[in-house]
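Below is one structure; the comments refer to it alone.
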């Protein structure tokens, strides 16, 4: 089985891009499964189901979504192997822009959109910087110049990645993208022992543990102060 | 320079050798806060683990990316890219698997090809084949050659080098900048030489296309539809690096379409134009008819059609004049 992790800011078009690419792969007879990680709510699992793709969804709720991801991805991979998928796609929203759910030796894709603003590539950390493939969406509604400026911004942050433009509505570019997702010769049996490409942020303070009161005396653990 | 050698330089020295690193350093928050005269290796050593965490930063990753960026940029800046003179499409299949009935389809610089066919007939697929420089590895099994040769893969994967620029009715400016600032930003991202001259040329050209003039200080988001289109066309002609321009219909109002096409072909672009407007379609040197996902026919614009175009343009001019007079508050016909 191949595993691909796809992440990107909310509403950047991850699901649309995946579904269009999956369509091409399924035509080739590739058996696909998906898992959607999100925070509070998602209906994307219905979209996968509608496309005939077996899907699991994981909501992190009160936990840090990326910590939740990394504690569950191994079991999800085992599920994919048991189901005999050729390709398992893990989709997760990058919620705080700091984390990336990328794993060493596992293909990592970041989806961002042209509307998100010219400085966005700089704001997104390892999620963009450590991706193997960067997909830029919503190019059909901005000018050619803005597309070029945005792509240059992405390139400056991650010069090693393959940068592709995909239209999530018409699917233009999705076939080409799909050819990069699945490789018959790649085979993973387990994630045990593999490592994250980048550490998750350290966060252990009283608020992680459910504190709601504001004030110095309620703050404990890993606390940092703004420089005013 | 190897990764190890790079470490022996300071950011300031590196910027002197490689001015293009400005954009790379701008994307690296932590470096902005450092003493730029110190060697990179020292700067990196000073960052403790907590600071690395804070900047979501990884040393090995950083130096590798710096190295990648420099080597790719050097290749990009240094080598005088061989320009694209012709683009050739070799036939594949339509949606039903029937072979396409043509020998080869050639697009040359300075020429215009119109593309006709109903929505969903396969125009996007043709364009995607060109963009991906298909090598019988897309659903149509078409092959695309550049300058009559099998092109290298960098056209597919490089963020800086895309074969096709696109213009369509649905595109809008979304950045909150003035025309001047916007063009400066674009020129910078392209690392264009003598940007000032270029920017002035773009604004002049756009103003010549648009009925109503705008200033360099005008915010791009407050341009009218015609002005936006004019600026997009002038900018794509003069500043985009893509040798192929695809136009998805240009509206008739507020822009001189004939001049627009002339600007594009004048800048050695290969122009493809999806349109069902007879005036535009007949301005093209050739047109291709797409049907059921395949190229059904390639038609060279006939002499008769060119004569017809003259008449159509005259009729169009008449309409335009009426429009101008209406705008001026005239009565078009007495009772």
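Residue numbers (the numbering used here), protein chains in the order written: chain A, 4 to 231; chain U, 1295 to 1629.
For every residue, glycine included, the Cβ atom is placed at its ideal position computed from N, Cα and C.
In this text, all values refer to a predicted model and were calculated from it rather than measured experimentally.
Q. Does DSSP put residue 187 (chain A) in a helix, in a strand, or in coil?
A. Judged by DSSP in its simplified three-state form, residue 187 (chain A) adopts coil rather than helix or strand.
Contact set between the segment 1481 to 1505 of chain U and chain A, restricted to residues whose Cβ is under 8 angstroms from the partner: Result list: 1483 and 1484.
Tell me the rounded alpha-carbon separation between residue 217 (chain A) and residue 224 (chain A).
CA-CA distance, residue 217 (chain A) to residue 224 (chain A), rounds to 15 angstroms.
Which residues of chain U have a Cβ atom closer than 8 angstroms to the Cβ of residue 202 (chain A), listed in chain order?
In chain order: 1347.
* Would you report the Cα separation of residue 1361 (chain U) and residue 1584 (chain U), rounded to the nearest angstrom? -> Distance between the alpha carbons of residue 1361 (chain U) and residue 1584 (chain U): 46 angstroms.
### Message
By the three-class DSSP mapping on this structure, what secondary structure does residue 153 (chain A) have?
### Response
In this structure, DSSP gives residue 153 (chain A) a helical state, which the three-state scheme calls helix.
Exercise. Among U:1527, U:1467 and U:1432, which has the Cα closest to the Cα of residue 141 (chain A)?
Worked result: Ranking the options by Cα distance to residue 141 (chain A), first place goes to U:1467.
message: Looking at chain U, is there any beta carbon in it that lies within less than 8 angstroms of the beta carbon of residue 146 (chain A)?
response: For residue 146 (chain A), at least one C-beta of chain U is nearer than 8 angstroms to its own C-beta.
Notebook entry, point to check: Mapping DSSP to helix, strand and coil, what is residue 227 (chain A)?
Noted result: In the three-state reduction of the DSSP assignment, residue 227 (chain A) falls in the coil class.
Taking buried to mean at least 16 other C-beta atoms within 10 Å of its own C-beta, is residue 91 (chain A) buried or exposed? By the neighbour-count rule (16 or more Cβ atoms within 10 Å), residue 91 (chain A) is buried.
Exercise. Grouping DSSP H, G and I as helix and E and B as strand, with all else coil, what is residue 116 (chain A)?
Worked result: If DSSP states are grouped into helix, strand and coil, residue 116 (chain A) belongs with the strands.
* Asked: Within this structure, are the beta carbons of residue 34 (chain A) and residue 87 (chain A) separated by less than 8 angstroms?
  -> Cβ atoms of residue 34 (chain A) and residue 87 (chain A): closer than 8 angstroms.
Give me the residue from A:54, A:202, A:182 and A:203 with the minimum Cα distance to residue 1428 (chain U). Put simply, of A:54, A:202, A:182 and A:203 the residue whose alpha carbon is nearest the alpha carbon of residue 1428 (chain U) is A:182.
Discussion item. Could you compute how far the alpha carbon of residue 138 (chain A) sits from the alpha carbon of residue 1431 (chain U)?
Written reply: One C-alpha to the other measures close to 20 angstroms.
Is the CB of residue 1451 (chain U) under 8 angstroms away from at least one CB in chain B?
-> Given the protein chain composition of this structure (A and U), no chain B is represented.
Q) Taking just the CA atoms, how far does residue 1477 (chain U) sit from residue 230 (chain A)? A) When the Cα atoms are used, residue 230 (chain A) and residue 1477 (chain U) turn out to be separated by approximately 36 angstroms.
query: Whose C-beta lies closer than 7 angstroms to the C-beta of residue 132 (chain A) among residues of the same chain, with five residues either side of it excluded?
result: Excluding positions up to five away in sequence, the list reads 160 and 161.
- Message: Is the separation between the beta-carbon of residue 1300 (chain U) and that of residue 1338 (chain U) shorter than 8 angstroms?
- Response: Contact flag unset, no.
- request: Express the C-alpha separation of residue 1510 (chain U) and residue 1474 (chain U) in angstroms, rounding to a whole number.
  value: One C-alpha to the other measures close to 5 angstroms.
Item to complete: Classify residue 1507 (chain U) as helix, strand or coil using the three-state DSSP reduction.
Response: Of the three classes helix, strand and coil, the one that applies to residue 1507 (chain U) here is coil, per DSSP.
For residue 1537 (chain U) versus residue 1472 (chain U), is the C-beta spacing smaller than 8 angstroms? No, these two residues do not count as a Cβ contact at 8 angstroms.
* What is the residue span of the beta strand (DSSP E) that residue 1382 (chain U) lies within? -> Residue 1382 (chain U) -> beta strand (DSSP E) spans 1380 to 1384.
- Task: Could you spell out the range, first to last residue, of the beta strand (DSSP E) harbouring residue 1460 (chain U)?
- Result: Annotation for residue 1460 (chain U): the continuous beta strand (DSSP E) segment containing it runs 1458 to 1462.
What residues in its chain sit with their C-beta under 6 angstroms from that of residue 1462 (chain U), if we drop five residues either side in the sequence? If we look at residue 1462 (chain U) and ignore the five residues flanking it on each side, its Cβ neighbours are 1542.
Does the beta-carbon distance from residue 1559 (chain U) to residue 1580 (chain U) come in below 8 angstroms? Cβ atoms of residue 1559 (chain U) and residue 1580 (chain U): not closer than 8 angstroms.
Residue environment, residue 1450 (chain U), which counts as buried when at least 16 other CB atoms sit within 10 Å
With 16 or more Cβ atoms within 10 Å of its Cβ, residue 1450 (chain U) is classed as buried.
Practice prompt. Go ahead and pull the three-state DSSP assignment for residue 96 (chain A).
Written response: Of the three classes helix, strand and coil, the one that applies to residue 96 (chain A) here is strand, per DSSP.
Minimum Cβ-Cβ distance from residue 1508 (chain U) to chain A less than 8 angstroms: Closer than 8 angstroms: no.
By the DSSP assignment, the beta strand (DSSP E) with residue 1 (chain A) in it spans what residues? One cannot answer for residue 1 (chain A) here, as it falls past the ends of chain A, which runs 4 to 231.
Exercise for review: From the DSSP output, in three-state form, read off residue 1387 (chain U) for me.
Suggested key: Strand, per DSSP.
Worksheet item: Using a Cβ-Cβ cut-off of 7 angstroms (strictly less than) and excluding sequence neighbours within five positions of residue 1465 (chain U), which residues of its own chain qualify?
Response: So the qualifying residues of the chain are 1526.
Query - In DSSP terms, what residue 1439 (chain U) is bridged to - result: BP columns for residue 1439 (chain U) point to U:1382.
In whole angstroms, what separates the C-alpha of residue 1407 (chain U) from that of residue 143 (chain A)? Straight-line measurement puts the Cα of residue 143 (chain A) at about 21 angstroms from the Cα of residue 1407 (chain U).
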